[in-house]
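Undergrad: To convert, take the position in the sequence shown, counting from 1, and add 111; that gives our numbering.
The C-beta atom is built at its ideal place from N, Cα and C for all residues, glycine as well.
My questions all concern the structure below.
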Amino acid sequence: MRVITLPSGRRVSLGEYVRSWRAVKAIVAVDPEREVAHWQWFPVPAREVLADIRAGMDERINARVPYVDRR
């Protein structure tokens with residue numbers, strides 16, 4: 112199973128990560144300053160979480176890591 116490690120050290124499945132990303136986008140649309148728990152070890156404003164997710168995605172895309180043997 113593919114997992115992603117959050118800045119807090121918590122490991123989540125790729126599906127859970129995508130669902131959370133969608134939820135954070137919805138929160139930012141309504142209240143960007145609303146605090147989100149479990150991203151860091153302290154609550155973080157939703158707009159910062161979304162910025163971190165986008166930066167991580169850009170980093171992964173631009174890293175040009177080749178496809179490796181996935182079983």
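For the beta strand (DSSP E) containing Ser124, name the first residue and the last one.
TA: Looking at the DSSP string, the run of the beta strand (DSSP E) that includes Ser124 is 122-124.
Undergrad: Should Ile138 be labelled buried (16 or more other beta-carbon atoms within 10 Å of its own) or exposed?
TA: With 16 or more Cβ atoms within 10 Å of its Cβ, Ile138 is classed as buried.
Undergrad: Since Val88 contacts Val141 with CB under 8 angstroms, what's their CB separation in whole angstroms?
TA: No information on residue 88 is available, as it lies outside the stretch 112 to 182 that the chain covers here.
Undergrad: With DSSP as the reference, please indicate the residues paired to Pro156 in a beta bridge.
TA: According to DSSP, Pro156 bridges with Glu146.
Undergrad: Looking only at its chain, what residues have a beta carbon closer than 8 angstroms to the beta carbon of Ser131, apart from the 5 residues adjacent to it on each side?
TA: Around Ser131: Val123.
Undergrad: For Trp150 and Leu117, which I take to be in contact (beta-carbon distance under 8 angstroms), what is that distance rounded to the nearest angstrom?
TA: That pair is a contact at about 6 angstroms.
Undergrad: Val135 to Ala157, Cα distance in whole Å?
TA: Distance between the alpha carbons of Val135 and Ala157: 6 angstroms.
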